[in-house]
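S.K.:
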Amino acid sequence: HVWRTLAWPLLVATAVVLLVLVLPFSHGIAPVRNGARRWLEIGISVQPSEFAKFAVVAWTAALAAKKGDQIRHFKKGLLPFLVVLVPLAGLVVIEPDLSTGALLLIIAGTVLFVAGAKIGHFLVLGLIAIPVLWQQIASVQYRLQRMVGFLGSGDDVAEASWQITQSLTGIGAGRLVGVGFGEGMHKLGYLQYAYADFIFATIGEEWGFLGVLVTLALFGLFLLIGFRIARRAADPFGMYLATGLTVMIGLAVVLHVGVTLAVVPTTGISLPFLSYGRSALLVAFLSTGVLISVARHRQARGAGSR
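Following this line, the structure appears as structure tokens:
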């Protein structure tokens, strides 16, 4: 259970790095890109918020397993998690990266729910979070523009809805079997970040409806296996860890696909394993390796008990 031992150090290290990103005197290693300070330049470009997802899952799983039935009580169970996780998510929001900050809390909340936290507590927290979330959206122009673009994407092609419109046009151009690998046109300046935030639209254009179905089927298989590993884990920590990592991958897939299909507003969430981005790719493969480790740990314990 090396990850249980490393849970606290990982979270502390993540918090320190996220703090460095937002400090006013750290522009030398945390420059502004596209109006945000989300990357650490240390010879290579690293996006700490991606690693924060893994650290949050590991820490939440470890502490939830330690608390046991206490998790059902707000003061002794849920409150300690909020004291740590809300400020951590706040650092991500300050970058600014509202979608990833919210995603951190949702992933942690899912782990805590599986661990036995009461749904009533989450409902109350959700009611408190809604006005805070709306204030964060309404107070920042580009976030509000994204919301306006999402709500009006079917009727206009204003700047706010341009990405959504081009995404849908690209997917529609693919039809059944696509225009061919590498032959897509929308990635040639029509659709910004077609290699990252909108890679699913590129898949739809170049591989068509069949390619989209295969991609979704493979992700569905991954989630099925991940939840199966969680259900059969040898101990609570393994179950919570596997659940959190699977949900982390699954939510990213749902949000990314939802954005490209205009089901949810633009978030900037990458598609695991496929979008361009070293940090996100490393975290996706690390999570897969840990899931395999949880499965093997159960097999090893089962063999040892015979």
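The opening residue of the sequence shown carries number 93 in my numbering; numbering runs sequentially from there. Here a beta-carbon is modelled for each residue, glycine too, at the ideal position from N, C-alpha and C. Since we're looking at a predicted model, the values are computed, not measured.
1) By DSSP, does Glu298 sit in helix, in strand, or in coil?
2) Who are the near neighbours of Ile178 in its chain, counting only those whose CB is closer than 8 Å to its CB and skipping five residues on each side?
3) Excluding sequence positions up to five away, which residues of its chain have a Cβ less than 7 Å from the Cβ of Arg96?
4) Going by CA-CA distance only, name the one from Leu313, Val184, Ile136 and Phe173 that's closest to Ala128.
5) For Ala309, does the count of other Cβ atoms within 10 angstroms reach 16, so buried, or fall short, so exposed?
6) Return the first residue and the last residue of the alpha helix (DSSP H) that Phe146 is part of.
7) Rank Gly218, Pro188, Ala221 and Gly208 by C-alpha distance to the C-alpha of Tyr234 and give the top, closest one.
8) For Gln227, does the count of other Cβ atoms within 10 angstroms reach 16, so buried, or fall short, so exposed?
9) So who's on the other strand from Arg125, going by DSSP bridges?
10) Checking 8 Å against the spacing of the C-beta atoms, do Ile220 and Phe242 come in under that value?
11) Among the candidates Gln162, Gly135 and Val108, whose CA atom is the shortest distance from the CA of Gly120?
12) For the structure I just gave you, are there three or more beta carbon pairs, one from the segment 329-338 and one from the segment 283-298, closer than 8 Å?
13) Would Pro364 be called buried (16 or more neighbouring beta carbons within 10 Å of its own) or exposed?
14) How would you label Glu275, buried or exposed, when you count the other beta carbons within 10 angstroms and need 16 or more for buried?
15) If we ignore side chains and look at the alpha-carbon of each, how far apart do Leu353 and Ile291 end up?
16) With DSSP as the reference, label Ser137 as helix, strand or coil.
17) Can you have a look at Asp161 and say buried or exposed, based on whether 16 or more other CB atoms are within 10 angstroms of its CB?
M.R.: The structure says:
1) Walking along the sequence shown from the start, residue 298 turns up at place 206. In the three-state DSSP reduction, Glu298 falls in the helix class (H, G or I).
2) Taking the first residue of the sequence shown as 1, we reach residue 178 at position 86. A small correction: the amino acid at residue 178 is Val; Ile does not occupy that position in the sequence shown. So the list reads Leu197, once near-sequence residues are dropped.
3) What you label residue 96 is simply residue 4 of the sequence shown in a count that begins at 1. Here the set comprises Ala154 and Phe329.
4) Position 36 of the sequence shown holds residue 128. Among Leu313, Val184, Ile136 and Phe173, the Cα nearest to that of Ala128 is on Val184.
5) For the purposes of this step, residue 309 is taken as residue 217 along the sequence shown, with counting starting at 1. Counting other Cβ atoms within 10 Å of its Cβ, Ala309 stays below 16 and is therefore classed as exposed.
6) Within the sequence shown, numbered from 1, the residue matching residue 146 stands at position 54. Start and end: Pro140 to Lys159.
7) Here residue 234 corresponds to residue number 142 of the sequence shown, with the count starting at 1. If we check each option's Cα against that of Tyr234, Pro188 comes out closest.
8) In the sequence shown, counting from the first residue as 1, residue 227 sits at position 135. Classification of Gln227: exposed, given that the 10 Å Cβ count is below 16.
9) Residue numbering aside, residue 125 sits at position 33 when the sequence shown is read from its first letter. Answer by DSSP bridge pairing, in chain order: Ala128.
10) Position 128 of the sequence shown holds residue 220. Position 150 of the sequence shown holds residue 242. Ile220 places its beta carbon 8 Å or farther from that of Phe242.
11) Your numbering for residue 120 matches position 28 in the sequence shown. Closest by alpha carbon: Gly135.
12) The segment 283-298 and the segment 329-338 do not touch, with fewer than three beta-carbon pairs separated by less than 8 Å.
13) Numbered from its first residue, the sequence shown carries residue 364 at position 272. With a 10 Å radius around the Cβ and a threshold of 16 neighbouring Cβ atoms, Pro364 comes out buried.
14) Translated into positions along the sequence shown, residue 275 becomes position 183. With fewer than 16 Cβ atoms within 10 Å of its Cβ, Glu275 is classed as exposed.
15) The residue you call residue 353 lines up with position 261 of the sequence shown. The residue you call residue 291 lines up with position 199 of the sequence shown. The alpha-carbon atoms of Leu353 and Ile291 are separated by roughly 12 Å.
16) For the purposes of this step, residue 137 is identified with residue 45 of the sequence shown, where counting begins at 1. Reduced to three states, the DSSP call for Ser137 is strand.
17) Reading the sequence shown from its first residue, position 69 is the one you call residue 161. By the 16-neighbour rule on beta-carbons within 10 angstroms, Asp161 is exposed.
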